[in-house]
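Undergrad: Quick note on full-length UniProt numbering: the sequence shown kicks off at 1 and runs consecutively. Below you'll find the structure I mean.
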Amino acid sequence: MQDGMKIAQEEIFGPVQSIFKFNDLNEVIKRANASQYGLAAGVFTNNLDTANTLTRALRAGTVWVNCFDIFDAAIPFGGYKMSGIGREKGIDSLKNYLQVKAVVTALKNPAWL
Numbered sequence: 001m002q003d004g005m006k007i008a009q010e011e012i013f014g015p016v017q018s019i020f021k022f023n024d025l026n027e028v029i030k031r032a033n034a035s036q037y038g039l040a041a042g043v044f045t046n047n048l049d050t051a052n053t054l055t056r057a058l059r060a061g062t063v064w065v066n067c068f069d070i071f072d073a074a075i076p077f078g079g080y081k082m083s084g085i086g087r088e089k090g091i092d093s094l095k096n097y098l099q100v101k102a103v104v105t106a107l108k109n110p111a112w113l
């Protein structure tokens, strides 16, 4: 029963990246993106270049910079990889309910012909 409880807890809470020493940002990016999950990430730094590099490189649906667990109804929420399909909230959530259609109609005497 203990093993079943452990698996259930891991599925609910997902993986957590511990704090490790690193030599460069490429090592951080590689380690973080090696996870099969990608719901959210948090970056804490005083360097704007570091923040920009990591927010572009991390494969996560949400990347918080110098904050964590901040939500707004206008900000799309959803993950990458095994952390979900689609987006909730914001304009992106409407895409789940829409289907794009192209309609082409021949004109009798089009101006460009």
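Backbone N, C-alpha and C fix where the C-beta goes; we use that ideal spot for every residue, glycine too.
With distances taken from CA atoms, which of A74, F44, L107, G86 is nearest N96?
TA: The residue with the shortest Cα to Cα distance from N96 is G86.
Undergrad: Helix, strand or coil: which one does DSSP assign to K81?
TA: Reduced to three states, the DSSP call for K81 is strand.
Undergrad: With a threshold of 8 Å, are at least 3 pairs of Cβ atoms found where one atom belongs to the segment 54-70 and the other to the segment 36-44?
TA: Cβ pair count under 8 Å is three or more, so yes.
Undergrad: Less than 6 Å between C-beta atoms, sequence neighbours within five positions excluded: which residues of the same chain meet that for S83?
TA: Hits under 6 Å: Y37, G38, L39.
Undergrad: Measuring alpha carbon to alpha carbon, tell me which residue in I75, V28, N109, I19 is nearest I91.
TA: Of the listed residues, the one whose Cα sits closest to I91 is I75.
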